[in-house]
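A.B. asks: When we follow the working numbering, the leftmost residue of the sequence shown carries the number 1, and every step to the right adds one. A single structure is presented below for examination.
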Amino acid sequence: MNWLLKILVRILPDAVVESLNAATLDELDQRGLIIWAEEVESDET
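This is the structure we're talking about:
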């Protein structure tokens with residue numbers, strides 16, 4: 001199954017892959033699963 005996803009991502013247009021990446025990052029950020037560099041830097045000071 002993993003190989004199928006890799007093939008699909010390779011044949012999709014770049015614009016589609018970029019949209020999927022943006023949507024995925026937005027979802028992970030909303031769930032609080034991403035620690036952004038700005039947050040880490042502000043916690044150190």
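The beta carbon of each residue, even a glycine, is placed where N, CA and C say it ideally should be.
Locate the alpha helix (DSSP H) running through W3, then write down its first and last residues.
C.D. replies: 2-11 is the span of the alpha helix (DSSP H), which, as asked, contains W3.
A.B. asks: For my contact list, L28 and I34 are in at a C-beta cut-off of 8 angstroms; report their separation, rounded to the angstrom.
C.D. replies: Indeed they touch by this definition, with Cβ atoms about 5 angstroms apart.
A.B. asks: When the Cα atoms are used, what is the spatial distance from I7 to V16?
C.D. replies: In a straight line, the C-alpha of I7 is about 14 angstroms away from that of V16.
A.B. asks: If we ignore side chains and look at the alpha-carbon of each, how far apart do E18 and S42 end up?
C.D. replies: One C-alpha to the other measures close to 29 angstroms.
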